[in-house]
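Input: a single structure, listed below in structure tokens.
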Amino acid sequence: MADIRAIHPKKNPPRRMLNAKDVVRNYRVSSDRVIIENLFGRVCSLLWKVSYAMFTWNPKFYDNIQQLTFALTNYHISLMSLCEADWLWYHSVLARYKSMMSAMAAKRAESQRNSRLRRTQRLPLSRSRLHCAQPFLSPVASP
6 MADIRAIHPK
16 KNPPRRMLNA
26 KDVVRNYRVS
36 SDRVIIENLF
46 GRVCSLLWKV
56 SYAMFTWNPK
66 FYDNIQQLTF
76 ALTNYHISLM
86 SLCEADWLWY
96 HSVLARYKSM
106 MSAMAAKRAE
116 SQRNSRLRRT
126 QRLPLSRSRL
136 HCAQPFLSPV
146 ASP
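Going by this note's numbering, the letters in the sequence shown line up with residues 6 to 148, in that order.
Pasting the structure below:
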């Protein structure tokens with residue numbers, strides 16, 4: 006079993022602030038984490054479907070396939086830096102999210118418009134039914 010080492014940002018001590026050295030270290034750790042997230046984003050969403058799809062082959066091949074995908078991704082990074090390509094990718098994803106949000110807002114506005122239209126069509130019918138029903142009430146029940 007391989008040893009796994011994780012680097013986490015340092016937390017503030019209770020009721021105190023971090024010193025300048027720890028703040029700089031946390032900044033570096035967070036920027037490294039962004040690069041790692043970009044790496045996994047490239048592995049899982051751009052290049053290798055085998056990394057994010059359901060793995061249905063023999064499990065003993067999984068480690069070899071993952072090592073191959075990361076080796077090929079490292080080669081791909083040597084050709085295209087993470088920061089340059091992922092900046093464009095990041096902005097394209099944000100644009101896609103923005104278009105999805107506007108489509109959802111338009112769909113909701115259409116739904117609300119249809120609901121209001123149906124309600125305005127329903128109200129006169131219910132008033133006419135109420136008006137028609139009043140003569141049939143007994144004199145004791147009517148005010």
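All C-beta atoms in this analysis are idealised placements derived from N, C-alpha and C, irrespective of residue type, glycine included.
What is the rounded straight-line gap between the Cα of Val39 and the Cα of Pro14? If you number the sequence shown from 1, residue 39 lands on position 34. If you number the sequence shown from 1, residue 14 lands on position 9. Rounded to the nearest angstrom, the two C-alpha atoms are 13 Å apart.
DSSP three-state label for Lys15, please. Residue mapping note: residue 15 aligns to position 10 of the sequence shown, counting from 1. Residue state, collapsed to three classes: coil.
By how many angstroms is the C-alpha of Gln126 removed from the C-alpha of Arg118? Within the sequence shown, the letter at position 113 stands for residue 118. Within the sequence shown, the letter at position 121 stands for residue 126. For Arg118 and Gln126, the distance between alpha carbons rounds to 12 Å.
Just how far apart, CA to CA, sit Lys16 and Arg30? The sequence position of residue 16 within the sequence shown is 11, counting from 1. The sequence position of residue 30 within the sequence shown is 25, counting from 1. Each residue's Cα considered, the two are about 11 Å apart.
Between which two residues does the alpha helix (DSSP H) harbouring Val28 extend? One-based indexing of the sequence shown puts residue 28 at position 23. Start and end: 25 to 46.
Considering only their Cβ atoms, is the gap separating Ile12 from Val48 smaller than 8 Å? On the sequence shown, residue 48 is found 43 positions in, with the first residue counted as 1. On the sequence shown, residue 12 is found 7 positions in, with the first residue counted as 1. Against a cut-off of 8 Å, the Cβ pair of Ile12 and Val48 comes out as no contact.
Thinking Thr74 and Trp94 are a contact (beta carbons under 8 Å), I'd like their distance in whole angstroms, please. To locate residue 74, count along the sequence shown from 1; it is residue 69. To locate residue 94, count along the sequence shown from 1; it is residue 89. No, Thr74 and Trp94 are not in contact; Cβ-Cβ is about 18 Å, not under 8 Å.
Buried or exposed for Thr61, please, with buried defined as at least 16 other CB atoms from any protein chain shown within 10 angstroms of its CB. As a working note, residue 61 is residue 56 in the sequence shown. Thr61 is exposed by the Cβ-count criterion.
In the DSSP assignment, the alpha helix (DSSP H) including Ile70 goes from what residue to what residue? Residue mapping note: residue 70 aligns to position 65 of the sequence shown, counting from 1. Its alpha helix (DSSP H) spans residues 67 to 84.
Whose C-alpha, out of Lys65, Ala110, Gly46, is nearest the C-alpha of Tyr163? With the chain covering only 6 through 148, there is no way to say anything about residue 163.
When you compare only the Cα positions, how much space is there between Glu115 and Val55? On the sequence shown, position 110 is the one that residue 115 refers to. On the sequence shown, position 50 is the one that residue 55 refers to. Whole-angstrom Cα-Cα distance: 40 Å.
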